[in-house]
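**Q**
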Amino acid sequence: MSIADIKKTAEQKMGRTIESFKGELQKIRTGRAHPGLLDQVQVDYYGSMLPISQVANVTLLDARTITVQPWEKGMGAKIEKAIRESDLGLNPSSQGDLLRVPMPALTEERRRDLTKVVRNAGEDAKIATRNLRRDANEHAKKLLKDKEITEDDERRSLDEVQKLTDRTIAEIDRLIAAKEAEIMAV
Numbered sequence: 010m011s012i013a014d015i016k017k018t019a020e021q022k023m024g025r026t027i028e029s030f031k032g033e034l035q036k037i038r039t040g041r042a043h044p045g046l047l048d049q050v051q052v053d054y055y056g057s058m059l060p061i062s063q064v065a066n067v068t069l070l071d072a073r074t075i076t077v078q079p080w081e082k083g084m085g086a087k088i089e090k091a092i093r094e095s096d097l098g099l100n101p102s103s104q105g106d107l108l109r110v111p112m113p114a115l116t117e118e119r120r121r122d123l124t125k126v127v128r129n130a131g132e133d134a135k136i137a138t139r140n141l142r143r144d145a146n147e148h149a150k151k152l153l154k155d156k157e158i159t160e161d162d163e164r165r166s167l168d169e170v171q172k173l174t175d176r177t178i179a180e181i182d183r184l185i186a187a188k189e190a191e192i193m194a195v
């Protein structure tokens, strides 16, 4: 493994950390409707658990209402039950085959709780990034110990990995600030 390989691997893993963090942020409800909110809700479909998106059409009716249109007649009640039992705090209403899922307004206290959740998720992403930096630095030090690179190459590698880490953490901080502003503005 060369220094370029170490840097490339760290860069790819840090990119995946940011993508994972973005996914976590999408799961946090801000009071506005978003079809992706129901992605983690699983429905019993003939004995196997499937995401709602695989048994129904999930769309937005307006800024605060998600509609769920089951593809099969008998699935409406199962989907409604799955949404009610999820930890999302949503209360769907059935209108024939169509389910309407209104988003309840957030209280000030709930908004503050959600900002804490966002900060904790951001801190977890930062920890993962720092662990990736540590792993990359250990690889560089091992190459130096095995006399495959010079001390200058190792120092340059450590500096490049640190700059990459700083950029990744700055991106995570930016995402945290944007999500907090979104939560408090709604």
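Residue 195, in this note's numbering, is where the sequence shown stops; the numbers in between run on with no holes.
Backbone N, C-alpha and C define an ideal beta-carbon position, used for all residues, glycine too.
(1) Quick check: what's the CA-CA separation for P101 versus E81?
(2) Between which two residues does the beta strand (DSSP E) containing V50 stretch?
(3) Between D182 and T26, what straight-line distance do the alpha-carbon atoms span, to the nearest angstrom?
(4) Pairs of beta-carbons, one from the segment 143-154 and one from the segment 51-69, closer than 8 Å: are there three or more?
(5) Using a threshold of 8 Å, state whether the C-beta atoms of I37 and V126 are closer than that.
(6) In the DSSP assignment, find the unbroken beta strand (DSSP E) run with T116 in it and report its ends.
(7) Could you have a look at M84 and say whether DSSP puts it in helix, strand or coil?
(8) Return the residue from the list A72, G24, K16 that minimises the CA-CA distance to H43.
(9) Considering just the uninterrupted stretch of the alpha helix (DSSP H) at A194, what are its terminal residues?
(10) When you compare each of M193, E20, Q49, F30 to L115 by their alpha carbons, which one comes out closest?
(11) Since S102 sits in a beta bridge, which residues does DSSP pair it with?
(12) Terminal residues of the continuous alpha helix (DSSP H) containing D14?
(13) So I75 is in the beta strand (DSSP E); what residue range does that whole segment cover?
(14) Taking only three categories from DSSP, how would you classify D155?
(15) Does the Cβ of L70 have 16 or more other Cβ atoms within 10 Å, making it buried, or fewer, making it exposed?
(16) Quick one: using the 10 Å Cβ neighbour count with 16 as the cut-off for buried, is T76 buried or exposed?
(17) Name the two residues that bound the continuous beta strand (DSSP E) containing S57.
**A** Answer, in terms of the structure:
(1) 18 Å
(2) It is not in any beta strand (DSSP E) - V50 carries neither H nor E in the DSSP assignment.
(3) 13 Å
(4) no
(5) yes
(6) Per DSSP, T116 belongs to no beta strand (DSSP E) and is neither H nor E.
(7) helix
(8) A72
(9) 160-194
(10) M193
(11) R109
(12) 12-36
(13) 74-79
(14) coil
(15) exposed
(16) buried
(17) 57-60
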